[in-house]
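Q: If you scroll down you'll find the structure; I have some questions about it.
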Amino acid sequence: PVKASQFFSGVKEGGTAIMRINKSTISFSKLQFTANKLLSNIDVDVEVVNSSGIDVQFFGIAYQYVRVTTTLTSLDVSSTGVDFKVAREWLPDGVAPAAVALYRYSSGSWDKMETALVSDDAAYYYYSAVVPAFSVFAVGVEVPAPKQVNPVMNKTAPFVTAAVNQAMNISVPELPPVK
3 PVKASQFFSG VKEGGTAIMR INKSTISFSK LQFTANKLLS NIDVDVEVVN SSGIDVQFFG
63 IAYQYVRVTT TLTSLDVSST GVDFKVAREW LPDGVAPAAV ALYRYSSGSW DKMETALVSD
123 DAAYYYYSAV VPAFSVFAVG VEVPAPKQVN PVMNKTAPFV TAAVNQAMNI SVPELPPVK
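Numbering follows this note's numbering, with no gaps: position 76 of the sequence shown is 78.
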């Protein structure tokens, strides 16, 4: 598996710990958290995962799924953040770079995190996101809702069905009107 790990022996109350990730195969480049209290012996693992182990599929187009596991609890930290990058060549046609966001999987659903496009270069767009806690994340874009079915087709469907039934000599009982 593609993975990065870091051990923090201690973080003082109010202190910010930073994990820098310099692996081209991991979209996350930095994790940070601010301690609510004196913390010690903290493990943080960042791993690229596929979507098969996730109960609810992401509703958009995912650039990458990343799982962050740690010995921290939500009571240990006052703020957490993630910096990540997306290859320019991945961005779907017609999608603005600012449409990319970080989504957090929690309690059976994907929640869009507050994400900012920070900079870009010839190869990547760089983003920063505020997250309530570490979890499984999807870096990606939302897929637009499907277009409405043509209303003319909806009006003709019962007539087409009736014509097909008649042509195939199928008898369909008529239901009484609803009162």
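Think of the CB as a built atom: it goes at the ideal place given N, C-alpha and C, for glycine as much as any other residue. This structure is a prediction, so every number in the text was calculated from the model and none was measured.
Could you check whether E91 and R69 sit closer than 7 Å to each other, using their CB atoms as the reference points?
A: For R69 and E91, no; Cβs fall outside 7 Å.
Q: Considering only their Cβ atoms, is the gap separating I63 from V143 smaller than 7 Å?
A: Contact: yes.
Q: Since V141 and S29 should fall inside the 8 Å C-beta cutoff, what is the C-beta to C-beta distance between them, to a whole number of angstroms?
A: Right, the Cβ-Cβ distance comes to about 5 Å (below 8 Å), so this counts as a contact.
Q: Check for me: the beta strand (DSSP E) holding D122 runs from which residue to which?
A: E116 to D122 is the span of the beta strand (DSSP E), which, as asked, contains D122.
Q: Given that a residue counts as buried once 16 or more other Cβ atoms are within 10 Å of its Cβ, and exposed if not, what is T117?
A: Buried is the call here.
Q: Roughly how many angstroms separate the alpha carbons of Q66 and V4, rounded to a whole number?
A: Their backbone Cα atoms lie some 12 Å apart in a straight line.
Q: Nearest by alpha-carbon distance to S130: which of F10, N43, L93 and S31 is it?
A: Among F10, N43, L93 and S31, the Cα nearest to that of S130 is on S31.
Q: Please classify K87: is it buried, with 16 or more other beta-carbons within 10 angstroms of its beta-carbon, or exposed?
A: K87 should be labelled buried.
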